[in-house]
Amino acid sequence: MQLTEEIRTIFIYSRDEAMRTGCYAIAPEHLLLGILRHGNNSAVELFKQFGLEPAEVKTKFDEKVFCKEAVPFSQEDEVTFTRSALNVASMALMEAMRVNEDVEAIHLLSALCDCPGSWYNDYFRSHGLSLQIIRTIRKKACDDSQKKSAIPSSEELNSLLSAFYSDKDFFS
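Just so you know, we're using our numbering here: the sequence shown kicks off at 1 and counts up by one.
Next up, the structure:
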């Protein structure tokens, strides 16, 4: 179980999106903007299947997080994850472990769709997307003989989360 190059790129894009929108903190909305900026991933494909145009989704999310001035590139080291973004990343990791897969964009989208009370969860639901629907679609798409369900042990989960949180060179 590991973070794929795709998800690492999305996290870097998320930091860039936080800076572009004038935020010193990477929020869950920036994770979604990172998914959209990456573009070539299963989450964006799912948006399209549900009639969501990536450009329109980006505009909606930009409206919610945009500040007047971008964060200067010289201050990129000051940009960090919010607790809620870390929670989303942790939930994505757990979702990937549940289906015995490496962490990808679709797991991040699944985690974003599992944040009750958030405006973006309401936005996704208004377009027919929810964690349960994503799971159902993915289950139908997966060949049961290739994918087995796996519930991680507490030790495995703690080890992966510790490695994720302690990766000081992540953005290097």
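All C-beta atoms, glycine included, are put in the ideal place defined by N, C-alpha and C. These figures come from a predicted structure and were not determined experimentally.
Using the Cα positions of residue i and residue j, report the straight-line distance between them to the nearest angstrom.
i	j	result
Asn-41	Leu-31	13 angstroms
Lys-48	Glu-56	11 angstroms
Ala-105	Ala-70	25 angstroms
Leu-129	Thr-82	24 angstroms
Cys-67	Ala-27	13 angstroms
Met-94	Pro-72	34 angstroms
Ser-149	Ala-89	A caution first: Ser-149 carries a pLDDT of 44, below 50, which makes its placement in the model unreliable, though a value can still be read off. Between Ser-149 and Ala-89, the C-alpha separation is close to 20 angstroms.
Leu-3	Gly-22	27 angstroms
Thr-9	Ile-133	26 angstroms
Arg-20	Val-99	34 angstroms
Ile-137	Ala-25	32 angstroms
Lys-58	Pro-116	21 angstroms
Glu-76	Met-97	31 angstroms
Ser-84	Asn-121	13 angstroms
Arg-125	Ala-141	21 angstroms
So for residue i, helix, strand or coil by DSSP?
i	result
Ala-25	strand
Thr-80	strand
Val-103	strand
Leu-3	strand
Pro-54	helix
Asn-87	helix
Val-71	coil
Gly-34	helix
Phe-47	helix
Asn-121	helix
Leu-129	coil
Asp-114	coil
Phe-66	coil
Lys-148	With a pLDDT of only 47 at Lys-148, under the threshold of 50, the placement of this residue in the model should not be trusted; the figure read from the coordinates follows. Coil, per DSSP.
Which same chain residues, not among the five before or five after residue i, have their C-beta less than 8 angstroms away from its C-beta?
i	result
Tyr-123	Lys-60
Val-44	Ile-35, Leu-36, His-38, Pro-54, Ala-105
Trp-119	Lys-64
Does the beta-carbon distance from residue i to residue j come in below 8 angstroms?
i	j	result
Leu-36	Ser-14	no
Glu-29	Val-65	yes
Leu-86	Ile-7	no
Ile-11	His-127	The amino acid at residue 11 is misidentified as Ile; the sequence shows Phe. Going by C-beta atoms, Phe-11 is not nearer than 8 angstroms to His-127.
So, at 6 angstroms on beta carbons, what are the nonlocal neighbours of residue i in its own chain, with the 5 sequence-adjacent residues on each side left out?
i	result
Leu-131	Ser-110, Cys-113, Asp-114
Ala-18	Ile-26, His-30, Val-79
How about residue i: is its Cβ closer than 7 angstroms to a heavy atom in the ligand HEM?
i	result
Ala-25	Among the ligands in the structure shown, none appear at all, so the ligand HEM cannot be discussed.
Excluding the five sequence neighbours on either side, which residues of its own chain have a C-beta within less than 7 angstroms of the C-beta of residue i, listed in chain order?
i	result
Ser-145	With a pLDDT of 39 at Ser-145, under the threshold of 50, the predicted position of this residue should be treated as unreliable, though the coordinate-derived value follows. Nothing meets the Cβ criterion.
Val-103	Leu-3, Thr-4, Ile-7, Ala-92, Leu-93, Ala-96
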